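Chains as they are written, first to last, in the working numbering: chain A, 1 to 501; chain B, 502 to 1002. For glycine and all other residues, C-beta sits at the position ideal for the given N, C-alpha and C. What you are looking at is a predicted structure, and each value in this text was computed from that prediction instead of being measured. Report on the structure given below.
Protein chains: 2
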Amino acid sequence: MTASGAAWGRFLWGGVRVISSGGEGLFADLYLLTMAYAYWREGKTQPRAVFDLFFRGAPFGGHYAVVAGLDRALRFLDGWRFGPADIDYLASLGVFPDPAFLEFLRDQTFAGDVDAMPEGTLAFANEPLLRVTAPLVQATGVETGLLNAVGFPSAVATKATRIVRAAEGRPVVEFGARRAPARDAALAAARASVIGGCAGTSLLEAARRYDLTPSGTQAHAMLMMFGELEGFRMYARAFPDNLVLLVDTYNVLRSGLPHAIQVFRETTDRLGRRPRSYGIRIDSGDLAWLSKRCRAELAAAGFADARITLTSDLDEYVIASLIREQGAQADAFGVGTKLATADGQTSLGNVYKLGACERVPGSGRFEGVIKLSENRAKITNPGVKTVVRFYDGDGRAVVDEIRLADESPPALPREFFDPVDTWKRKTVPAGRWEGLLQPLVRAGCAVGGLPPVAAAAERCRTQLASFSDENLRLLNPHGYHVDLSERLWQEKQRLMRTSGT
Amino acid sequence: MTASGAAWGRFLWGGVRVISSGGEGLFADLYLLTMAYAYWREGKTQPRAVFDLFFRGAPFGGHYAVVAGLDRALRFLDGWRFGPADIDYLASLGVFPDPAFLEFLRDQTFAGDVDAMPEGTLAFANEPLLRVTAPLVQATGVETGLLNAVGFPSAVATKATRIVRAAEGRPVVEFGARRAPARDAALAAARASVIGGCAGTSLLEAARRYDLTPSGTQAHAMLMMFGELEGFRMYARAFPDNLVLLVDTYNVLRSGLPHAIQVFRETTDRLGRRPRSYGIRIDSGDLAWLSKRCRAELAAAGFADARITLTSDLDEYVIASLIREQGAQADAFGVGTKLATADGQTSLGNVYKLGACERVPGSGRFEGVIKLSENRAKITNPGVKTVVRFYDGDGRAVVDEIRLADESPPALPREFFDPVDTWKRKTVPAGRWEGLLQPLVRAGCAVGGLPPVAAAAERCRTQLASFSDENLRLLNPHGYHVDLSERLWQEKQRLMRTSGT
């Protein structure tokens, strides 16, 4: 397995399907297949349907989410089929009265189109992150897998942008594999964290698979096993030039720090120079107070350039407080649980909703549909849609527009209005625009390859830089304007009046 | 793949190692291998170490966690090795100065012992859920993988017991695959939910793999695509005897319910009898009010036995309120996001701490070690420990004791005292006791097989029944007494005085 690698057959190997042992068809909620059965039974499998994957509310009290997880989405779509064992299992359930349906399923692969926002893109509520266009049974069958693939990585990437922002330029390393919700989740969290701006990960398998920078030093067990001073010395003998010592096993100021300084001295004497990279890690206690005391004592001992790494249940709020309010002395942060679980919104809460369908199979003429609700936020946007982001003359993102894919190209200057508070209007005189949905899959095959993680991280950085601080701040950020095009808005109003009766 | 199956080689195939393509050795935080390098460099790989996996505080404001995830722990331990590609990757990092270390790693497999609480056991803070005894490098190297394997499933199983308790006998189905944090996490969540008492899962792959009951009906898209009435009819033609209709696509009382009643009538006419199983699902809106109105109108239409299933961002608190405070009419619940993310404590927060180590390799004489902290809760318990649960004459669990493994067998009557508030004492006059740690792995091979999920679910039911309602209630439950044995307590006091200087 290589950096951009991973093992999805068809997409990597240029159109040649690699038969894998297990199909992904059963990674589905049962209702997707009972509905598929009902469609099949009535000969309704061929009309194409267009589904949008989006979230209704942004995570963590902010306004945006960072798109991630497309690697998993592609792998899932490539694996979406029903192998013999899958078919046997479905037959054994006794749920599907006509066995010919299972023969139909056996021949299914995903042959549709997917458009997606590239990884690292900032997305806002109700904007399609992915748009799936496929024959009804296929578009239906991939719902669970796509939602699962994209939600958690996007939540983690978003959390990472917040934590990295709070760290104000100090590197943040993702440390959370042990607390991540599964093996896959740990790998996804490491990858998404780096897309969101983290400098690296502690998890070797993720570093290898995604070409990330692995990071790590020592744990308490080593010092409990051999004693603190001897444990430090053993580590210094092994890694004299990458010497980060964990100082809180017993008592930071009375034991850990003096022992660390002693070993820094011994190592400096042995090398005839300072270690190339050295410092301490504090993993418990009052981090701000301890870090300030440690910095002062390190400086007094002649080790002013020792790096201080802080870890211990950190998140964006704790880091912001440590730096801004408490004057903590920190050169780097390690963040585990709160990042690798996307704490506060482990699920992005993304949904997959029908936007349009063909009435005549193969006609290419799609009719918009809508889901109503007493809760306005749950009313869907109908039609085959795309998303355009407008930038002003300074390159600042000023408004997004959700629009129908067949509208004439956007142009500036334009006056936009808020789809809910229609009296709120905003004129953009000049600038550029960018279509956010890009072809990802065509007729079941990946378009190009997925960019490497570093490119997604770079896109995320560029995107963040195009928004104002007011849009991005951690607490009560200023809302960003997401518009519906006039045509889409009119179509939505029409369907709200006429649907469901 | 079969029910109890899954693909871990060595453990299933009775001692014969199956070489799998990818080793799990790199599913490790880098620091595990830098420490291993330091140990290896000084010839310290052979002393055996004893690590405890435990949590410091129970999740969700309760006192217990339900053990789950041993399937993943076994699979990880079986796969723990470094294949050629793993070694190449480690060499490429340039982290390990002496390449002979990588040759040493290449020969490593997990050859240690693991004792564990069986899945479904209720565990309390600081009790070892797993105890690992292995040569130092092996015991160290499996830390990340074991914590990752056990934490999330145990959190989900615990959440499930709470939700099932709130449902007061009504079946709860796990619906959360789409919101689970990864593919693996979705499978683990379904399995753990059933261990915790759920009746089934919507996720087919989990149902197949773990022999669970799959469950599901229809989604909004079907009704948006074909119209609500025609969508209901299509579904009724396909599944006349398992006819659960989703009534909230447009308007429950004005549209969904009347259409459902119409289709129940048509289906009853067509069959010449009622459908065997039928009802409605409400997925949005005021669930209590809507469910009562629906029950009344269904009864008035002659469908009093229609089942009402409620779904929509439910958890134990919402369900308890729906039933107890609001008089909701519900025959079943589907719970998704909040269950499949273990909402509120996605990570169990479990840790893996050194308890004891051999000073002389192979001597079998283990010396207890301790980690100190200013925070009393973070001070570890030293030694090779086990956990005994004492039941009174009525079969009620009354106290757990964490004790040294080589103490003489427990006996009743006994007076216990609280390890923190030592003035709190409790006498257990008669009853029985149970050792909670059971052999899981010996010399790297699984002892027996893992019991099927149904057995773990049964154990969980039995365990729950042995605790009082006061210990289990959702809000502010009464604490359960977890004692340290006199010998362990004395040893801990001694090490607290003498360690780390």
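Rounded C-alpha distance that separates residue i from residue j
i               : j               : result
V428 of chain A : S468 of chain A : 16 Å
T999 of chain B : L648 of chain B : 30 Å
R425 of chain A : D392 of chain A : 16 Å
Y39 of chain A  : T45 of chain A  : 6 Å
A304 of chain A : V142 of chain A : 56 Å
L913 of chain B : Y590 of chain B : 56 Å
A574 of chain B : L630 of chain B : 12 Å
G448 of chain A : D286 of chain A : 50 Å
D844 of chain B : E604 of chain B : 43 Å
R48 of chain A  : T422 of chain A : 33 Å
I520 of chain B : T610 of chain B : In this predicted model, I520 of chain B has a pLDDT of only 40, less than 50, meaning its place in the structure is not dependable enough to derive any value.
E971 of chain B : L965 of chain B : 12 Å
S986 of chain B : G279 of chain A : 40 Å
A739 of chain B : R775 of chain B : 15 Å
G9 of chain A   : F76 of chain A  : Here the model assigns G9 of chain A a pLDDT of 35, short of 50, so the residue's position is not dependable and the matter cannot be decided.
V674 of chain B : R178 of chain A : 28 Å
A797 of chain B : Q763 of chain B : 15 Å
R183 of chain A : L746 of chain B : 36 Å
P258 of chain A : R877 of chain B : 23 Å
Residue i burial status per 10 Å Cβ neighbour count (16 or more: buried)
i               : result
S277 of chain A : exposed
G595 of chain B : exposed
Q490 of chain A : exposed
S21 of chain A  : At S21 of chain A the pLDDT is 47, less than 50, meaning the model places this residue with poor confidence; the figure from the coordinates comes in the next sentence. With fewer than 16 other Cβ atoms within 10 Å, it is exposed.
V899 of chain B : buried
S848 of chain B : buried
S756 of chain B : buried
P84 of chain A  : exposed
M997 of chain B : exposed
V921 of chain B : exposed
L772 of chain B : exposed
V351 of chain A : buried
S785 of chain B : buried
K993 of chain B : buried
Cβ pair residue i, residue j closer than 8 Å
i               : j               : result
F27 of chain A  : G112 of chain A : no
D98 of chain A  : K353 of chain A : no
T267 of chain A : L290 of chain A : no
L499 of chain B : V888 of chain B : No statement about residue 499 of chain B is possible, as the shown extent of chain B runs from 502 to 1002 and does not include it.
E407 of chain A : R162 of chain A : no
R170 of chain A : A330 of chain A : yes
L488 of chain A : L404 of chain A : yes
V66 of chain A  : L105 of chain A : no
I282 of chain A : V335 of chain A : no
A722 of chain B : P715 of chain B : no
Q719 of chain B : T34 of chain A  : yes
N381 of chain A : G355 of chain A : yes
R81 of chain A  : G176 of chain A : no
Near the ligand ATP: residue i beta-carbon under 7 Å from a heavy atom
i               : result
G670 of chain B : Here there are no bound small molecules, and the ligand ATP is not part of this structure.
Test: residue i CB closer than 8 Å to a CB of chain E
i               : result
Y590 of chain B : Protein chains A and B are contained in the structure displayed, whereas chain E is not.
**OP:** Output, in sequence order along the chain, the residues in the segment 125-150 of chain A whose CB is closer than 9 Å to any CB in chain B.
**Re:** L136, A139, T140, E143, T144, G145, L146, L147, N148 and A149
**OP:** Could you tell me whether the segment 466-481 of chain A touches the segment 53-63 of chain A, where touching means 3 or more Cβ pairs closer than 8 Å?
**Re:** Yes: at least three Cβ pairs fall under 8 Å.
Subject >> the segment 689-703 of chain B contacting the segment 953-960 of chain B, beta-carbon criterion three pairs below 8 Å >> reply: yes
Original post:
Does the count of Cβ pairs from the segment 935-942 of chain B and the segment 856-875 of chain B closer than 8 Å reach three?
Top reply: With the cut-off at 8 Å, the segment 935-942 of chain B and the segment 856-875 of chain B do not touch.
Original post:
Just by C-beta distance, which residues in the segment 702-726 of chain B are closer than 7 Å to chain A?
Top reply: Legend: CB atoms of the segment 702-726 of chain B lying less than 7 Å from CB atoms of chain A belong to residues S703, L704, L705, E706, R709, P715, S716, G717, T718, Q719, A720, H721, A722, M723, M725 and M726.
**OP:** Report yes or no: do three or more beta-carbon pairs, one from the segment 719-738 of chain B and one from the segment 698-710 of chain B, lie closer than 8 Å?
**Re:** no
Original post:
Listed from N- to C-terminal order along the chain, which residues in the segment 659-693 of chain B have their beta-carbon within a distance smaller than 9 Å of any beta-carbon of chain A?
Top reply: Near chain A, meaning a CB-to-CB distance below 9 Å, the residues of the segment 659-693 of chain B are F676, G677, A678, R679, R680, A681, P682, A683, R684, D685, A686, A687, L688, A689 and A690.
Original post:
Are at least three pairs of beta-carbons, each pair with one atom in the segment 185-192 of chain A and one in the segment 819-833 of chain B, less than 8 Å apart?
Top reply: no
Original post:
What are the residues of the segment 774-792 of chain B that lie near chain A, defined by any Cβ-Cβ distance shorter than 7 Å?
Top reply: S785 and G786
Original post:
What residues in the segment 752-776 of chain B bring their beta carbon closer than 7 Å to a beta carbon of chain A?
Top reply: N752 and S756
Subject >> Interface positions of the segment 311-327 of chain A facing chain B (Cβ-Cβ less than 7 Å), listed along the chain >> reply: none
Subject >> Residues from the segment 411-426 of chain A in contact with chain B, defined by Cβ distance under 9 Å >> reply: none
**OP:** Would you list, in chain order, the members of the segment 360-375 of chain A that have their beta-carbon closer than 8 Å to a beta-carbon of chain B?
**Re:** V369, I370, K371, L372, S373, E374 and N375
Original post:
If contact means a Cβ-Cβ distance below 8 Å, which residues of the segment 608-622 of chain B contact chain A?
Top reply: none
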